[in-house]
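Comments concern the structure below.
Numbering (our numbering), first residue to last: 697 to 812.
This is the structure we're talking about:
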């Protein structure tokens, strides 16, 4: 996140942060709370000692950040599917070959493919 946006969100200098602020930023930008706190330290918004305190008390005991909001973007990979579709579009693979790679029937795969 750019420094200007970060400072707009948190301010130029903070003595204390709230978990709710960090959760709000996590949900809005899809950044882990650990990364937000680290960035705040790097930008001088919070002190190194406060950064260490947050990590020692909260982040190290909850590495998966369970109960601290959610990421707005569903995590999934679609790169392989996009590459297959690109190969079909460019003529490197047939629809049948691509369907075989994702273990679906060629007709099903063809229905999900729109060549422009």
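Positions of the beta carbon are idealized from the N, C-alpha and C atoms, including for glycine.
Considering only residues of the same chain and omitting the five flanking positions on each side of residue 699, which have a CB-CB separation below 7 Å?
The answer, listed in chain order, is 739.
Got a sec? Which residues, its chain only, sit under 8 Å from residue 790 by beta carbon, not counting five neighbours each side?
Only 784 meet the Cβ criterion.
Less than 8 Å between the C-beta atoms of residue 780 and residue 797, yes or no?
Result yes, Cβ atoms of residue 780 and residue 797 sit closer than 8 Å.
Taking C-alpha atoms, which residue in 787, 756 and 707 lies nearest to residue 730?
Nearest C-alpha to residue 730: 756.
DSSP three-state call for residue 745: helix, strand or coil?
Helix.
Taking the Cβ atom as the reference point for each residue, do residue 732 and residue 707 lie within a distance shorter than 8 Å?
Not a contact, by the Cβ cut-off of 8 Å.
Ordered along the chain, which non-local residues of its own chain (more than five positions away) have a Cβ less than 6 Å from that of residue 806?
791, listed in sequence order.
Please classify residue 750 as buried or exposed, where buried requires at least 16 neighbouring CB atoms within 10 angstroms.
By the neighbour-count rule (16 or more Cβ atoms within 10 Å), residue 750 is buried.
Assign residue 704 to one of three DSSP states: helix, strand, or coil.
Here residue 704 sits in helix by DSSP.
Could you compute how far the alpha carbon of residue 709 sits from the alpha carbon of residue 777?
Their backbone Cα atoms lie some 45 Å apart in a straight line.
Measuring straight from C-alpha to C-alpha, what distance separates residue 701 and residue 736?
If you take the alpha carbons of residue 701 and residue 736, they lie about 12 Å apart.
Let's test the definition: count the other Cβ atoms within 10 Å of the Cβ of residue 782 and tell me whether it reaches 16, buried, or not, exposed.
Exposed.
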